[in-house]
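The block underneath contains the structure these notes are about, expressed in structure tokens.
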């Protein structure tokens, strides 16, 4: 474990709340509004943290555990990412399975917390969340498969860090581009953005993630919001790791490239949000299957090369 | 081997002394522990054990030892739970039910240790028939009798395939020991293609792989819960054991069979979990998840066979090891889930998901046990399901990053990922609808915590799930040793890259638990300093919520099932004022029963020849005799037959 990888961890945890703010700011500027300040989420988090909370009499300990898990699981997933472009804090063969499983645990508890309230709105959100997540999973794993084929490694450190220089952008460029786009789709779905979900929607019936956390308030809601931002940062790090070959860079430069890349991805998310509307719910599976198909094509191209 | 047979004798003695509750519990537990001793010794690196009695040989090698632990550990938990649950029964032959349970355990232990065709088939048949009687415990209900009948037909069809398999394999040699079969393996025509197909049919019917799973959901849902736990956790694993044994006897199974097993695994896994999502009955849902997990086990097994065929011993060992470990893990968490479901059924009297709800408050300990089982079956850290699914992923990816056609095992990675995502949705539905929210019926309101005697076995299984999750090296090393033995490579080289990963996995799991604990403690401290109030769930302004307004299991699953269309097997009925959805068993109700009706309808045309009048039958006899004479006359006329 190097100082830079620990520093990267701290930086990512500290800067994560910027990402939703950046996306919102981009969207505001592109639609001709001034928009809230980029660091608005920090303010919101602080305000919510100081507030009291209202708990539904129906809820149990699951409702209180889910926000904690919503932060803990992406933090632990970050431990598996090669932040300084070399090795992650924890690395082992097949650690991408653990990466996906950790984030799945967070989602599992979040869905249970929504059902814990007994509200039909939150049940609806939970159902949609779980349904769409099940379609995202194959896309994510197929993306990892392409990277494993390209680098010959089965660790995230190898796929996105030191081994990434082995990804030949010459012959492998089409498959890598497909994976990057597929992972970007995964990011949109996993962090509840347009076109899968709309963080700015104001009608419960059209919400997915927002309605699943309807009953959380005060410090619990702060944790959920922070966990959501972390989730976005963690998933943004994947396409950045694919697109930017950081293995040749010095550790501080590699870390800087990663952070700059995630910021850029947040801006792209904002551009996507201002250029298209949320898909109709029945169309969302098609979008998610498209992500899997793209990654599968990437696998096929890798197998042929 | 002595402790094994002593333990077996104790288990049988427990069956004989079922009238005394205390003697049964003591003898059964002592027997299981004693019989497990040699298995643990073998797995720890001791020499394989064997009793040579000609055709009636028994032995414990690594493979038998692993399955012996599957039988004795989760099996004992189910038996113990059943023993206590039966204590509450009135007006039923409780003693006989206990005797059957103990004898079933003994038969299972003999199945995995038999070293000859005759003892194997005898133990197999005893196991299958005893299971039938265990299933029809509540035989006054028509659906239980029907489920039992379908099971009985299916299991005997399987046994028939096995008899054909061994008869064909042994040929005219007359030596029916497994050693003799192994020696003849090379002489089988077409690389043993017929043997391999028959093995898939016979053992596949027992394991419940798609499309041979049709008997499983009914039988597992209709049986008493401890029997469902035993059947789902242990009995169907005998099919997996059989497939493994065939692989060891053949030594080098052909590649097409590996692809077939892998393909069947993916199909069983995806369809099993999809059909589980569609269920409205708690125990039927769990039964379909057994189909799914058998699929995951077969994916490991298939990858292992392909590893042998394409000369990648590491892939073979990890694939087999993953399959073995997932077999044990599934036995632990599926038994746990069925026992938890049994406790909920016992407390509320209903298994209908949409009549349950709010049980977490009424049975908090059962809820914790069920939640652990659910997280484990979904493959979430820090539990055992994650470890074995990770091993299977390793095998599939190991094949995929090699050279040659074996790279297509990558399809399995996508399949396993899809299975994981669907399983998460399904168990979120089960946990959320059954245990969370508010009760949806008066039945659910009656829910109460299970007795200590029922919670004991459940938490024994919880301990197993958590232990393997937190200290995976305990289970992965022996599983890899078994995998290496099946793949016929030295144990030391089997773990490359895998064993080193176990320490970081343990760290990750421990870190996860620690952070969740610290976070929860810190958050409760924060909440104490904030003004916290309690109120009704926010109803978006609606002030009179009722329990019926909650999301139901059907509505939770609806978006996913709609995505998969007719594959999900859901039939909907919409009228002006009502909506019903039914989950059909696509193979049994969609294929087998219509085919049977077709056969019966065709044969019905022959009905007119059966008049029941004596003179008609005499006429038939005379006609047949005349025809025979005519035939002989014609054949003789052709010069073929001489007197």
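Protein chains in written order, with the working numbering: chain F, -17 to 287; chain H, 362 to 1004. Virtual Cβ for every residue (Gly too), placed ideally from N, Cα, C. Keep in mind the model is a prediction, meaning the values are calculated, not measured.
On the DSSP bridge list, what partners appear for residue 642 of chain H?
As a working note, residue 642 of chain H is residue 281 in the second chain. Secondary-structure assignment with DSSP links residue 642 of chain H through a beta bridge to H:713.
Quick one: complete alpha helix (DSSP H) runs, 4+ long, within the region 389 to 465 of chain H?
Assignment of alpha helix (DSSP H) within the region 389 to 465 of chain H, counting only whole runs of 4 or more residues, yields 423 to 447 in chain order.
When you compare only the Cα positions, how much space is there between residue 78 of chain F and residue 126 of chain F?
What you label residue 78 of chain F is simply residue 96 of the first chain in a count that begins at 1. What you label residue 126 of chain F is simply residue 144 of the first chain in a count that begins at 1. So the two alpha carbons sit approximately 7 Å from each other.
Buried or exposed (CB count within 10 angstroms, at least 16 for buried), residue 1004 of chain H
Locating residue 1004 of chain H in the second chain gives position 643, where the first residue counts as 1. The predicted position of residue 1004 of chain H is uncertain, since its pLDDT is 46 and thus under 50; a value taken from the coordinates is nonetheless stated next. Around the beta-carbon of residue 1004 of chain H, fewer than 16 other beta-carbon atoms lie within 10 Å, marking it exposed.
Give a yes or no on whether 8 Å exceeds the smallest Cβ distance from residue 371 of chain H to chain F.
Position 10 of the second chain holds residue 371 of chain H. No, residue 371 of chain H does not count as interfacial toward chain F.
So, for residue 663 of chain H: in the same chain, excluding its five sequence neighbours on each side, which residues have a beta-carbon less than 6 Å away from its beta-carbon?
Sequence index remark: in the second chain, residue 663 of chain H carries index 302 (1-based). Within the same chain, 619, 622, 623, 626 come within 6 Å of residue 663 of chain H by CB-CB distance, once the 5 residues on both sides are set aside.
Is residue -4 of chain F near the ligand ATP, going by C-beta to nearest heavy atom under 7 Å?
Here there are no bound small molecules, and the ligand ATP is not part of this structure.
Would you kindly work out how many angstroms separate the C-alpha atoms of residue 250 of chain F and residue 5 of chain F, rounded to a whole number?
Position 268 of the first chain, counted from the start, is the residue given in the question as residue 250 of chain F. Position 23 of the first chain, counted from the start, is the residue given in the question as residue 5 of chain F. Using only the alpha carbons, I get a separation of about 7 Å.
Compare the Cα-Cα distances from residue 259 of chain F to each of F:228, F:133, F:221, F:181 and report the closest residue.
The count along the first chain starts at 1 and reaches residue 259 of chain F at position 277. By alpha-carbon distance to residue 259 of chain F, the top candidate from F:228, F:133, F:221, F:181 is F:181.
Kindly say whether residue 367 of chain H, judged by its beta-carbon, lies nearer than 8 Å to any beta-carbon of chain F.
The residue labelled residue 367 of chain H in the question sits at position 6 within the second chain. When Cβ-Cβ separations below 8 Å define contact, residue 367 of chain H makes no contact with chain F.
What is the DSSP secondary structure of residue 36 of chain F, counted as helix, strand or coil?
One-based indexing of the first chain puts residue 36 of chain F at position 54. Looking at residue 36 of chain F - three-state DSSP - the assignment turns out to be strand.
Using C-beta distances below 6 Å, list every residue in its chain close to residue 1002 of chain H, excluding the 5 sequence neighbours before and after it, in chain order.
Taking the second chain and counting its residues from 1, one reaches residue 1002 of chain H at position 641. Because the pLDDT of residue 1002 of chain H is 46, which lies under 50, any placement of that residue in the model is unreliable, and the number read from its coordinates should be weighed accordingly. Excluding residues within five positions, the ones whose Cβ falls inside 6 Å are 996.
Residues of its chain near residue 23 of chain F, where Cβ-Cβ distance is below 7 Å and the 5 sequence neighbours each way are ignored:
For the purposes of this step, residue 23 of chain F is taken as the residue at position 41 of the first chain. Result list for residue 23 of chain F: -1, 2, 3, 207, 211, in chain order.
Closer than 7 Å by beta-carbon distance: list the chain H residues that pair up with residue 267 of chain F, in chain order.
To locate residue 267 of chain F, count along the first chain from 1; it is residue 285. Those within 7 Å of residue 267 of chain F in chain H are 924.
Could you tell me if residue 579 of chain H is buried or exposed, where buried requires 16 or more neighbouring beta carbons within 10 angstroms of its beta carbon?
Within the second chain, numbered from 1, the residue matching residue 579 of chain H stands at position 218. Around the beta-carbon of residue 579 of chain H, 16 or more other beta-carbon atoms lie within 10 Å, marking it buried.
Boundaries (first-last residue) of the alpha helix (DSSP H) holding residue 487 of chain H
The residue given as residue 487 of chain H occupies position 126 in the second chain. For residue 487 of chain H, the enclosing alpha helix (DSSP H) begins and ends at 478 to 496.
Measuring alpha carbon to alpha carbon, tell me which of H:514, H:527, H:603 ends up nearest residue 575 of chain H.
On the second chain, position 214 is the one that residue 575 of chain H refers to. Cα-wise, what sits closest to residue 575 of chain H is H:514.
Show which residues of chain H have a CB atom less than 7 Å away from the CB atom of residue 119 of chain F.
Taking the first chain and counting its residues from 1, one reaches residue 119 of chain F at position 137. Neighbours of residue 119 of chain F on chain H, chain order: 778, 779, 781, 782.
Do you know how far the Cα of residue 213 of chain F is from the Cα of residue 292 of chain F?
Since the displayed chain F opens at -17 and closes at 287, residue 292 of chain F lies outside it and no answer follows.
Excluding the 5 residues preceding and the 5 following residue 929 of chain H in the sequence, name in chain order all residues of the same chain whose CB lies nearer than 6 Å to its CB.
Here the question's residue 929 of chain H lines up with position 568 in the second chain. Cβ neighbours of residue 929 of chain H beyond the five flanking positions: 635, 639, 922.
Should residue 107 of chain F and residue 189 of chain F be called a contact, given that it needs their Cβ atoms to be closer than 8 Å?
Position 125 of the first chain, counted from the first residue, corresponds to residue 107 of chain F. Position 207 of the first chain, counted from the first residue, corresponds to residue 189 of chain F. Yes; because the gap between Cβ atoms is below 8 Å, this pair is in contact.
Residue 939 of chain H, DSSP secondary structure in three states
As a working mapping, residue 939 of chain H is identified with position 578 in the second chain. In the structure shown, residue 939 of chain H sits in coil (DSSP, three-state: anything other than H, G, I, E or B).
Would you kindly check if the distance between the Cβ of residue 753 of chain H and the Cβ of residue 656 of chain H is under 8 Å?
Looking up residue 656 of chain H in the second chain gives position 295. Looking up residue 753 of chain H in the second chain gives position 392. Between residue 656 of chain H and residue 753 of chain H, the CB-CB gap reaches or exceeds 8 Å.
Would you say residue 283 of chain F reaches chain H, if we count a Cβ-Cβ gap shorter than 8 Å as a contact?
Indexing the first chain from 1 puts residue 283 of chain F at position 301. At a cut-off of 8 Å between beta carbons, residue 283 of chain F makes no contact with chain H.
Report the residues of the region 840 to 861 of chain H with a CB closer than 8 Å to any CB of chain F, ordered along the chain.
For the region 840 to 861 of chain H, the beta-carbon criterion of a distance under 8 Å to any beta-carbon of chain F is satisfied by 858, 859, 861.
Under the rule that 16 or more other beta-carbon atoms within 10 Å means buried, what is residue 457 of chain H, buried or exposed?
Numbered from 1 along the second chain, position 96 holds the residue referred to as residue 457 of chain H. Exposed: under 16 other Cβ atoms inside 10 Å.
Do you know how far the Cα of residue 804 of chain H is from the Cα of residue 41 of chain F?
Start at 1 with the first residue of the first chain, and residue 41 of chain F comes out as number 59. Start at 1 with the first residue of the second chain, and residue 804 of chain H comes out as number 443. Approximately 20 Å between the Cα atoms of the pair.
Quick check on the DSSP output: the alpha helix (DSSP H) that includes residue 516 of chain H runs from which residue to which?
Looking up residue 516 of chain H in the second chain gives position 155. Segment 503 to 531, the alpha helix (DSSP H) holding residue 516 of chain H.
Which residues in the same chain as residue 255 of chain F place their Cβ atom closer than 6 Å to its Cβ, once the five residues preceding and following it in sequence are excluded?
Here the question's residue 255 of chain F lines up with position 273 in the first chain. Setting aside the 5 residues that flank it on each side, residue 255 of chain F is surrounded in the same chain by 9, 176, each with a C-beta closer than 6 Å to its C-beta; the list follows chain order.
Taking the CB atoms as reference points, tell me whether residue 801 of chain H and residue 908 of chain H lie closer together than 8 Å.
Counted from its first residue, the second chain places residue 801 of chain H at position 440. Counted from its first residue, the second chain places residue 908 of chain H at position 547. Residue 908 of chain H sits close to residue 801 of chain H, with the two beta carbons spaced by under 8 Å.
Got a sec: which bits of the region 31 to 46 of chain F sit with their beta carbon under 9 Å from any beta carbon on chain H, in order along the chain?
Considering only beta carbons, the part of the region 31 to 46 of chain F lying closer than 9 Å to chain H consists of 31, 32, 33, 34, 35, 36, 37, 38, 39, 40, 41, 42, 43, 44, 45, 46, in chain order.
Using 8 Å as the limit for Cβ to Cβ distance, is residue 866 of chain H near chain F?
By one-based count along the second chain, residue 866 of chain H stands at place 505. It does; some Cβ of chain F falls within 8 Å.
In whole angstroms, give me the CA-to-CA distance for residue 416 of chain H and residue 532 of chain H.
Counting from one through the second chain, the residue named residue 416 of chain H turns up at place 55. Counting from one through the second chain, the residue named residue 532 of chain H turns up at place 171. Note on geometry: alpha-carbon atoms of residue 416 of chain H and residue 532 of chain H lie some 15 Å from one another.
Do you know whose CA, among H:466, H:499, H:465, H:703, lies nearest residue 454 of chain H's CA?
Position 93 of the second chain, counted from the first residue, corresponds to residue 454 of chain H. When only C-alpha atoms are compared, the closest one is H:499.
Measure the alpha-carbon distance for residue 731 of chain H versus residue 590 of chain H and round it to whole angstroms.
Working through the second chain from its first residue, we reach residue 731 of chain H at position 370. Working through the second chain from its first residue, we reach residue 590 of chain H at position 229. Going by the C-alpha atoms only, they are around 13 Å apart.
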